[in-house]
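Below is one structure, written out as structure tokens, with a few remarks after it.
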Amino acid sequence: MHYKWIDYPAQFEKRIEGWCDQYAMQIAMEDDTAKVENQWYLATPDTYTHIDYNKIALEGDTPIALLMMVVIKEKSIVHFDTLIVNPKMRKQGHGVRALTDVLQNAEAIIGVENPVFVGQIRKDNNVSIRLMEKLGFQCVDDAHKRDDAWCNWVYPAGAAASFDS
């Protein structure tokens, strides 16, 4: 693993809130902050027998990235919700390394063996779309032909044929 992964901890909350620049809040979290999203995750009932994970990637003692995801263990599906890289460390490959870490070490990080990963990305979020393409995700719905602002990206790409968006 590239990083040490820990649950969203209170001691990093203020630092992570500082990561929520206008871009991250509009594109990734629809104007919520990381704290608001984390509180929502913790308060949401497990209606789909899902588990919400809010993980921090650490390099040494430095928080590098926040990854929020929903895991449906019965179906071995991991839905990436929000990934925010520390703004001081953006454009250095940390987003790619963080998601690659989770893709390759899902069982150790979140307790799911051989999952299908899904990320719902806004069509205007070019940074996240490039990240999904780089990691080998495949867009499963033709968002360009319908009036929808979102597209589901699935990994491994071979799972896209059987994925029900």
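If you count the sequence shown from 1, position 63 lands on 1179 in the working numbering, and the numbers rise without skipping. The C-beta atom is built at its ideal place from N, Cα and C for all residues, glycine as well.
Query, Result
"From this set, P1203, V1232, P1272, which residue's C-alpha is nearest E1190's C-alpha?", "V1232"
"Residues in its own chain within less than 6 Å of A1265 by CB, not counting five upstream and five downstream?", "R1238, K1239"
"Can you tell me whether T1178 is buried or exposed? The criterion is at least 16 other CB atoms within 10 Å of its CB, across all chains shown.", "exposed"
"May I have the straight-line CA-CA distance separating I1188 from F1196, to the nearest angstrom?", "11 Å"
"Going along the chain, which unbroken runs of the beta strand (DSSP E) with 3 or more residues stay wholly within the stretch 1215–1270?", "1232–1238"
"May I ask you to report which of helix, strand or coil DSSP gives M1184?", "strand"
"With DSSP run on the structure shown, which of helix, strand or coil describes P1203?", "helix"
"Return the chain-ordered list of same chain residues with a C-beta closer than 7 Å to the C-beta of F1128, the five sequence neighbours on each side being excluded.", "I1172, P1179"
"For the alpha helix (DSSP H) containing K1120, name the first residue and the last one.", "No alpha helix (DSSP H) holds K1120; the beta strand (DSSP E) holding it covers 1120–1123."
"Between N1221, E1229, G1134, which lies nearest to M1205 when the distance is taken from Cα to Cα?", "G1134"
"Measuring only the C-alpha atoms, how far is E1249 from G1274?", "14 Å"
"If you drop the 5 nearest sequence neighbours on each side, which residues of the same chain put their C-beta closer than 7 Å to that of L1174?", "Y1119, K1120, I1122, I1180"
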